[in-house]
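Since the structure comes first, as structure tokens, the remarks are kept for the end.
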Amino acid sequence: MKDWRYWLAEQRGTLLALGIFVAMFAIYSANHPAGFTANVVQTAANKGVLLAFVAMAQTLVVITAGIDLSVGMIFTLTNCLASWLVIGTGLETAFGVIAVLGTGLVCGAINGAIVIYGRLQPIVATIATGAVYFGLALLLRPFPGGSVNEDLADALTGRLFGLVPASLVALAVVVLIVWVPFSRSELGRAAYAAGSSETAAYMSGVPIRRGKFVAYTLAGLLAAIGGLFLTFFTYTGDAAYASGNAYTLFSIAAVVLGGVSLFGGKGSALGAIFGALAFRTIGDLLFVFDLDPLWQPLFQGVILLIAVSLGAFALFRVRNRLEWFL
Amino acid sequence: MDGAVPLFSMQGISKRYGGVRALEKAELSVTAGSIHAILGENGAGKSTLIKVMAGVVAPDEGRMLLDGSEVSFASPAAANRAGIVCIFQELSLIPELSVADNIVISDPPKRFGLIDRKAQRRIAEEALARAGASDIHPLALVKDLPLSRRQMVEIAKALARKPRILILDEATSALTATDVAKIFGVLKRLREEGLALLYISHRMNEIAELADQCTVFRNGRNVASYAAGSKSDSEVVELMIGREYSHIFPPKPARHGAAVPVLEARNLCWTDRLDNVSLTVGAGEVVGLGGLDGQGQRELLLAFFGVLRGLAGEILVDGKAVSIASPSAARDGRIGMALIPEDRKTEGLMLPMTVRENLSFAALDRLSKAGVIDRATEQRLIDDMVELLAIKTAGLDIPVGALSGGNQQKVVIAKWLMRQPRIVLLNDPTRGIDVGTKQELYQLMRKLADAGAAILFYSTDYDELIGCCDRVLVLYDGAVKRELVGAEITEHALIASALNIHGEGAGPLQGEGA
Numbered sequence: 001m002k003d004w005r006y007w008l009a010e011q012r013g014t015l016l017a018l019g020i021f022v023a024m025f026a027i028y029s030a031n032h033p034a035g036f037t038a039n040v041v042q043t044a045a046n047k048g049v050l051l052a053f054v055a056m057a058q059t060l061v062v063i064t065a066g067i068d069l070s071v072g073m074i075f076t077l078t079n080c081l082a083s084w085l086v087i088g089t090g091l092e093t094a095f096g097v098i099a100v101l102g103t104g105l106v107c108g109a110i111n112g113a114i115v116i117y118g119r120l121q122p123i124v125a126t127i128a129t130g131a132v133y134f135g136l137a138l139l140l141r142p143f144p145g146g147s148v149n150e151d152l153a154d155a156l157t158g159r160l161f162g163l164v165p166a167s168l169v170a171l172a173v174v175v176l177i178v179w180v181p182f183s184r185s186e187l188g189r190a191a192y193a194a195g196s197s198e199t200a201a202y203m204s205g206v207p208i209r210r211g212k213f214v215a216y217t218l219a220g221l222l223a224a225i226g227g228l229f230l231t232f233f234t235y236t237g238d239a240a241y242a243s244g245n246a247y248t249l250f251s252i253a254a255v256v257l258g259g260v261s262l263f264g265g266k267g268s269a270l271g272a273i274f275g276a277l278a279f280r281t282i283g284d285l286l287f288v289f290d291l292d293p294l295w296q297p298l299f300q301g302v303i304l305l306i307a308v309s310l311g312a313f314a315l316f317r318v319r320n321r322l323e324w325f326l
Numbered sequence: 001m002d003g004a005v006p007l008f009s010m011q012g013i014s015k016r017y018g019g020v021r022a023l024e025k026a027e028l029s030v031t032a033g034s035i036h037a038i039l040g041e042n043g044a045g046k047s048t049l050i051k052v053m054a055g056v057v058a059p060d061e062g063r064m065l066l067d068g069s070e071v072s073f074a075s076p077a078a079a080n081r082a083g084i085v086c087i088f089q090e091l092s093l094i095p096e097l098s099v100a101d102n103i104v105i106s107d108p109p110k111r112f113g114l115i116d117r118k119a120q121r122r123i124a125e126e127a128l129a130r131a132g133a134s135d136i137h138p139l140a141l142v143k144d145l146p147l148s149r150r151q152m153v154e155i156a157k158a159l160a161r162k163p164r165i166l167i168l169d170e171a172t173s174a175l176t177a178t179d180v181a182k183i184f185g186v187l188k189r190l191r192e193e194g195l196a197l198l199y200i201s202h203r204m205n206e207i208a209e210l211a212d213q214c215t216v217f218r219n220g221r222n223v224a225s226y227a228a229g230s231k232s233d234s235e236v237v238e239l240m241i242g243r244e245y246s247h248i249f250p251p252k253p254a255r256h257g258a259a260v261p262v263l264e265a266r267n268l269c270w271t272d273r274l275d276n277v278s279l280t281v282g283a284g285e286v287v288g289l290g291g292l293d294g295q296g297q298r299e300l301l302l303a304f305f306g307v308l309r310g311l312a313g314e315i316l317v318d319g320k321a322v323s324i325a326s327p328s329a330a331r332d333g334r335i336g337m338a339l340i341p342e343d344r345k346t347e348g349l350m351l352p353m354t355v356r357e358n359l360s361f362a363a364l365d366r367l368s369k370a371g372v373i374d375r376a377t378e379q380r381l382i383d384d385m386v387e388l389l390a391i392k393t394a395g396l397d398i399p400v401g402a403l404s405g406g407n408q409q410k411v412v413i414a415k416w417l418m419r420q421p422r423i424v425l426l427n428d429p430t431r432g433i434d435v436g437t438k439q440e441l442y443q444l445m446r447k448l449a450d451a452g453a454a455i456l457f458y459s460t461d462y463d464e465l466i467g468c469c470d471r472v473l474v475l476y477d478g479a480v481k482r483e484l485v486g487a488e489i490t491e492h493a494l495i496a497s498a499l500n501i502h503g504e505g506a507g508p509l510q511g512e513g514a
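Order-wise, the sequence lines are chains A and B. full-length UniProt numbering puts the first residue of the first sequence at 1, with every later residue one more than the last. full-length UniProt numbering puts the first residue of the second sequence at 1, with every later residue one more than the last.
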């Protein structure tokens, strides 16, 4: 009878992130000159979805108790690649999309192989591969440029039935075909188990390596989907170093906001998505209050600190000090 | 059973770790439908033997036969597939996953390639019921369960894998008396179902109750195999330690009047775990805490050590009220308290760090001048401790995790003795430790008391409480239910008061109750 309580406890992080996002977005749209209209929602969705994809990618790796500092660079690389390939006739465009997504998979698989079979620390390994991926991006697009199949781009960044942002629908579809099967598969559970206690998982005969490998590989794929959407929004490819790095760091912030534990084994990509959307909204709050954009990073940092502190309030209720360290 | 082809046998198995021989031409054969006990001190090679069987380590030489044909296991998963399932001493549960997730972890039920949660729930409930632990909710996270419940989950998990050979390595050491009784029922039923069970325990009475066949290991070899019940306890212990075994417990000194109280508690209350606990521990006294596991003993020790917040009541040291806000306050100055924690691997030691570093941690403030560690003083104190406690280590600069369980525990104790504490709290310090080391610890405890220390000692082993303590306080549901002094400390009195059964010298205990 108490099943729902266990469910609630499991979803606490996700629900908290959803709460923060709803609160932030309410403030945002209430103060927006245009108000809560389909247009405002569409613009916000298109910005938020990019970070949401990258944050989902980060979640998969963080669940295994790793971290992927190359997600932003895979995002940049696939953006540059898409600006060459996703163009032309329907068939050519389809081929381009497959090639872009395949590139993401390969990038993720390389990360996974190095971390799992090469036994390198995820931080160092992905800093290195991230630099490589950015190097490739730079070779592809030394200067911003290129183009994309605009029909496809407009379809995926516009509105369905004049109301629902297509990018949000795309995000939901990706959740359904990537995250849901992963989280319910044996390999997904292996990824959680490896993140929570790798020795216990090994002793239980869990396929740790395959689980982690799939997590890294799918992370590459998700980052590539993000890169594809970036191309759809901007119609160009741009090997921008600062933007790639910012996406990596913001993805970590979004993951933490979304209740995913950096120690591994706990959390959900849904939480990370809400975390990403909330984080984006925080960044945009300034504009609706007509403040100088110079204040944006400072303001965003402060709000992020406050939001993350919410999760720490539970510590005040701890009566046994040993639980601080759990 | 006799003359039957063994279900599984190991022949001439050897394993070396670096220069250390863990197993040397060990032999073992296991028959279906019987419980086979393995005895031996820690470091006798039992753990390695099991790890070889369970596919965790590969032997250097020797062969293993299952149903008469040779087998080898590349991983625990391979051993599982062959029907060999092991319940390890170090828990193999994944803390962030639910009980049900853990029970089916090695082979989750699937539908359309995805995990079938309904089927998983059903399997988990069945397995928990089979292990006699249906009180555990399948959706609870393992990290939220106390140690004894986790151990029950571990057993349920093993049963869910439908083993042919089930290995239990100290599987009952964290369990309450009620759970042990349940588990014994389960094990006997499994034996009737035709499973082969390998049972490893340091508790002689458990082996006497369960085993059909016993094999004793010493120094990496099997030194004797015999039908259970054909040797006396002291013969068995002699086989295990290879020398005459006498006086496990040091004699207790005669008491003249009340000791000077050093540590005193008045009406301690904390959440629903401690209920008006009052006690005194005098200089030179060993006071035991008894009762079933999880009745507030651990919380009481943590309360003294300044770990609990929102503690009501008074703690007095040398008759003066003190407020202890943290472990570092507890160990300092005129309080001089030390706590030997329950779980040496997480609360006692930094496993990857060296023996030397671990020994110094609790006394760094005393070893340093102006914040710089004085290496010479450190070395002198460490040498004293290694000698005093006879710690067996290949050197001070190897990771402490490489030592055997008994020696690790000695390091935990030694690190506190470096401060010469006046009050020593011990939380079940002999769990999973071999007889020889236990005996050394009992003597050490008495030696500290004779030197004037006040000792508060929690143990789940009744024999220890009887053998070591001047007084025993029995806790039940967070409150002290009974105080036993001197000759009153008997097994019967301890069990009766642990189950909170009233009436002195009442007849047989009524049911498993509690």
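Think of the CB as a built atom: it goes at the ideal place given N, C-alpha and C, for glycine as much as any other residue.
Nearest in C-alpha terms to A/A125, of all of A/I306, A/Q58, A/G135, A/I110, is A/I110. Sequence-distant partners of B/I398 (beyond 5 residues in either direction) whose C-beta falls short of 8 Å from its own C-beta, in its chain, are T354, V355.
Distance from the CA atom of A/V256 to the CA atom of A/I273, rounded to whole angstroms, is 11 Å. In this structure, the straight-line span from the alpha carbon of B/V236 to that of B/V216 is close to 8 Å.
Among the residues of chain A, those whose CB is under 9 Å from the CB of B/D101 are R189, Y192, A193, following chain order. For B/T346, the three-state secondary structure derived from DSSP is helix.
Rounded to whole angstroms, the separation of the alpha carbons of B/A22 and B/E285 is 40 Å. In chain order, E186, L187, A190 place their CB closer than 8 Å to the CB of A/P207, counting only its own chain and leaving out the 5 sequence neighbours on each side.
Neighbours of A/A201 across chain B, judged by C-beta separation under 7 Å: I94. In the DSSP assignment, A/T126 falls outside any beta strand (DSSP E) and lies within the alpha helix (DSSP H) extending over 122-140.
Straight through space, the alpha carbons of B/P138 and B/N102 are spaced by roughly 9 Å. Secondary structure in the segment 178-211 of chain B: the beta strand (DSSP E) runs of 3 residues or longer, each lying completely within the stretch, are 196-200 in chain order. Annotation: the continuous alpha helix (DSSP H) that includes A/Y192 extends over 186-196.
In the structure shown, A/R159 falls within a strand segment according to DSSP collapsed to helix, strand and coil. Between the beta-carbon of B/L195 and that of B/L168 there is about 11 Å, and that puts the pair past the 8 Å contact cut.
Contact of B/K110 with chain A by beta-carbon distance below 9 Å involves S185, E186. Under the Cβ criterion of 8 Å, A/L322 is counted among the residues facing chain B. When secondary structure is reduced to three states using DSSP, B/T354 falls in the strand class. Counting only runs that start and end inside the segment 259-301 of chain B, the beta strand (DSSP E) elements of at least 3 residues fall at 261-270, 274-282, 286-290. With a cut-off of 8 Å on Cβ pairs, the segment 421-439 of chain B is not in contact with the segment 372-380 of chain B, counting fewer than three such pairs. Residues of the same chain with a CB within less than 7 Å of the CB of A/I306, apart from the 5 flanking positions on each side, do not exist. Non-local C-beta neighbours of A/S251 in its own chain, meaning closer than 6 Å and more than five positions away in sequence, comprise V54, A55, Q58, V71, ordered along the chain. For A/R119, no beta strand (DSSP E) run applies, since DSSP gives it neither H nor E.
Within the segment 6-37 of chain A, contact with chain B at the beta-carbon level (separation under 7 Å) is assigned to Y6.
Shown here, A/T93 sits in a helix according to DSSP, grouped into three states. Distances from the alpha-carbon of A/N149 to those of A/R321, A/L291, A/F233 put A/F233 closest. Identification of residues in the segment 300-323 of chain B having a C-beta nearer than 9 Å to some C-beta of chain A yields L302, G306, V307, L308, R309, G310, L311, given in sequence order.
Contact check for B/F112 and B/G467: beta-carbon distance about 60 Å, past the 8 Å limit, so the pair fails to qualify. Within a 10 Å sphere around the beta-carbon of B/K410 sit 16 or more other beta-carbons, which makes this residue buried. For B/Y226, the enclosing beta strand (DSSP E) has its first and last residue at 221-227. Rounded to the nearest whole angstrom, the C-alpha separation of B/A160 and B/A127 is 6 Å.
With contact defined as three or more Cβ pairs closer than 8 Å, the segment 75-85 of chain A and the segment 119-138 of chain A are in contact. Residue contact check for B/P146 against chain A: no CB pair falls below 8 Å.
Around the C-beta of B/Y199, 16 or more other C-beta atoms lie within 10 Å, and the residue is accordingly described as buried. The continuous beta strand (DSSP E) containing B/D169 extends over residues 165-169. Legend: CB atoms of the segment 46-58 of chain B lying less than 9 Å from CB atoms of chain A belong to residues A54, G55, V56.
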